[in-house]
Amino acid sequence: MTVLLTLFDLLLTLTLLGLAVVTLTSHEPRRAVILFIAFGLLLALVWARLRAPDLALAEAAIGAGLSGALMLAAARRASGRKTSAAQSRDAEDAP
Amino acid sequence: MNAFLLAVALVLMAGIAAGLIRVAIGPTPSDRMMAAQLMGTSGIGVILLLAPVLAVPALIDVALIFSLLAAVAVTAFTRRRVTNHGD
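Residue numbers (my numbering), protein chains in the order written: chain A, -18 to 76; chain B, 7 to 93.
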């Protein structure tokens, strides 16, 4: 039981650290946002493992869900503006 | 019984760790998003298994929020921006 729990903690920590490194070293915004969503998901798992269900709830709802969706929209808008600005001049007038 | 549940959670956790590879090297954003969804689904399973193991029944609500998160993330990902017409 204790060995299994230690193995679980070890696997969770290693996955979280690897995900953090990949997130921080990604260049493209969209890729970084998707990795950030996955990171918030795993962080909520860590809070659940630490017997803090309220923190896990807040992390999953706000940290990964709400800000993940907002940042996905922001990344798409930024990349769309960049490509359309290269194609046409009046892309800056679009709201 | 708890040890068995914990072993199943460990297997699901190994699945999450394997999904991390696809999230990291996925060629297209869709691949990354699908792998992130797989991680979310496995996370729901892990949390539901941790609830009886750690004797924290409130974790079931966290699993509910996890499923809501998956729907919101996919909706934000698949919404297409209308180019050249303004939105």
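Heads up, the beta-carbon is just placed ideally off N, CA and C, and yes, glycines get one too.
This structure is a prediction, so every number in the text was calculated from the model and none was measured.
Between the alpha carbons of residue 90 of chain B and residue 84 of chain B, how many angstroms are there, rounded? Taking the first residue of the second sequence as position 1, residue 90 of chain B is located at position 84. Taking the first residue of the second sequence as position 1, residue 84 of chain B is located at position 78. At residue 90 of chain B the pLDDT is 48, less than 50, meaning the model places this residue with poor confidence; the figure from the coordinates comes in the next sentence. About 19 Å.
N- and C-terminal bounds of the alpha helix (DSSP H) containing residue 62 of chain B: Against the second sequence, residue 62 of chain B aligns to sequence position 56. Note, residue 62 of chain B: premise wrong, no alpha helix (DSSP H); not H, not E.
Would you report the Cα separation of residue 93 of chain B and residue 58 of chain A, rounded to the nearest angstrom? Residue 93 of chain B sits at position 87 when you count from the first residue of the second sequence. Residue 58 of chain A sits at position 77 when you count from the first residue of the first sequence. Note that residue 93 of chain B scores 46 on pLDDT, short of 50, meaning its location in the model is unreliable and no value can be drawn from it.
When the cut-off is 7 Å and only beta carbons count, does residue 34 of chain A lie next to chain B? The residue labelled residue 34 of chain A in the question sits at position 53 within the first sequence. Output row for residue 34 of chain A: interface = yes.
Is any beta-carbon of chain A found at less than 7 Å from that of residue 83 of chain B? What you label residue 83 of chain B is simply residue 77 of the second sequence in a count that begins at 1. Yes - at least one Cβ of chain A is within 7 Å of the one on residue 83 of chain B.
Hey, which unbroken runs of the alpha helix (DSSP H) at 4 residues or more fall wholly within the region 7 to 50 of chain A? Complete alpha helix (DSSP H) runs here, min 4: 10 to 30, 34 to 39.
C-beta neighbour in chain B for residue 18 of chain A, strict 7 Å: As a first step, residue 18 of chain A must be located in the first sequence, where it is residue number 37. Cβ-Cβ to chain B under 7 Å: yes for residue 18 of chain A.
What does the alpha-carbon distance come out to for the pair residue 70 of chain B and residue 12 of chain A? Stepping through the second sequence from its first residue, residue 70 of chain B is reached at position 64. Stepping through the first sequence from its first residue, residue 12 of chain A is reached at position 31. Between residue 70 of chain B and residue 12 of chain A, the C-alpha separation is close to 26 Å.
May I ask you to report which of helix, strand or coil DSSP gives residue 35 of chain B? In the second sequence, the residue the question calls residue 35 of chain B occupies position 29. Helix at residue 35 of chain B.
Select from B:48, B:38, B:82, B:31 the residue whose C-alpha is nearest the C-alpha of residue 16 of chain B. Position 10 of the second sequence holds residue 16 of chain B. Of the candidates B:48, B:38, B:82, B:31, the one whose C-alpha sits nearest the C-alpha of residue 16 of chain B is B:48.
Which term fits residue 19 of chain B, buried or exposed, when burial requires 16 or more other beta carbons within 10 angstroms of its beta carbon? To locate residue 19 of chain B, count along the second sequence from 1; it is residue 13. Taking a 10 Å sphere around the C-beta of residue 19 of chain B, we find 16 or more other C-beta atoms and assign the residue as buried.
Does DSSP put residue -18 of chain A in a helix, a strand or coil? As a working mapping, residue -18 of chain A is identified with position 1 in the first sequence. The three-state reading of DSSP puts residue -18 of chain A in coil, since its state is none of H, G, I, E or B.
So, using beta-carbon positions, are residue 68 of chain B and residue 37 of chain A closer together than 7 Å? Residue numbering aside, residue 68 of chain B sits at position 62 when the second sequence is read from its first letter. Residue numbering aside, residue 37 of chain A sits at position 56 when the first sequence is read from its first letter. Inclusion of residue 68 of chain B and residue 37 of chain A in the CB contact set at 7 Å is warranted, their separation being smaller than that value.
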